[in-house]
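Positions 4 to 154 (this note's numbering) are the ones given, in order, by the sequence shown. The block underneath contains the structure these notes are about, expressed in structure tokens.
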Amino acid sequence: DGITTVTVDGQYLSVPKKDCEFPLESAAFTQYASAIVPVGHDLEGNVHAVGGNLELSPVYWKPWRAGDTIELMVTAKGSPAAGTEVALINGMAEGEDPALKETDSEGRVAFTFEKPGFHLAMVRYADNDDSKEGYYDRRNYTATLYILVTK
């Protein structure tokens, strides 16, 4: 968690809006990172949200292989986050752009793993209703999910 304030001259400062001489805008930020760690063997099944402000989770979990399709669910404050952009990045594919897709009306999006590797799914959400006078104008959330994909 933290606050970043942008000044009129383009500086990015890690202070509340009230502590800047010429603030342009200020945003609080919260970041969530998650990984599913199966313990034992033959662990597959549905994944349930835990109720965070922004959640990015697979609908179903299994050992992932190249060619498999994963369906992800994005919720913001407990409700489906429809129309939210989700990125899927293969950390082992240098120079490759992330795959970008928008969630449907139920907050779901699907990606097919083209190659094995260490994948990272990422979503961002801006809550313009979360503001604190003199401190920040909105809160930005980021959630990530680590996924290992084998051959």
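Note that beta-carbon positions come from the ideal geometry of N, C-alpha and C, so glycine has one too.
> Going straight from the alpha carbon of aspartate 4 to that of threonine 33, what length do you get?
Replying inline: 5 Å
> Since valine 62 and arginine 142 are thought to touch, with beta carbons under 8 Å apart, how far apart are those beta carbons, to the nearest angstrom?
Replying inline: Rounded, the Cβ-Cβ distance is 26 Å, inconsistent with contact.
> Near threonine 10, what residues of its chain come up, given a Cβ to Cβ distance below 7 Å and the 5 sequence neighbours on each side ignored?
Replying inline: Leu16, Cys23, Phe25, Pro26, Leu27
>> Can you give me the C-alpha to C-alpha distance between valine 50 and lysine 154, rounded to a whole angstrom?
In response: 23 Å
>> Which residue wins for smallest C-alpha separation from valine 89, given the options Gly81, Asp107, Ser134?
In response: Asp107
> How do the stretch 35-47 and the stretch 85-102 stand: do at least 3 beta-carbon pairs fall below 8 Å, yes or no?
Replying inline: no
>> Tell me which residue opens and which closes the beta strand (DSSP E) that glutamate 99 is part of.
In response: Here glutamate 99 belongs to no beta strand (DSSP E), and DSSP marks it neither H nor E.
> Which class does aspartate 22 belong to by DSSP, given the choice of helix, strand or coil?
Replying inline: helix
>> Just to confirm my understanding: we take valine 53, look at its own chain, exclude 5 residues before and 5 after, and list those with CB closer than 6 Å. What are they?
In response: none
>> Which runs of the beta strand (DSSP E) at least 3 residues long sit entirely within the stretch 43-68? Give them in chain order.
In response: 57-61
> Under the three-state reduction of DSSP, which class applies to asparagine 143: helix, strand or coil?
Replying inline: strand
>> With distance defined between alpha-carbon atoms, name the residue in Gly137, Phe121, Ser29, Val42 nearest to leucine 148.
In response: Phe121
> How would you write the range of the beta strand (DSSP E) that threonine 106 sits in, first residue to last?
Replying inline: It is not in any beta strand (DSSP E) - threonine 106 carries neither H nor E in the DSSP assignment.
> Since leucine 151 contacts tryptophan 67 with CB under 8 Å, what's their CB separation in whole angstroms?
Replying inline: 7 Å
> Within 10 angstroms of its Cβ, does threonine 72 collect 16 or more other Cβ (buried), or is it exposed?
Replying inline: exposed
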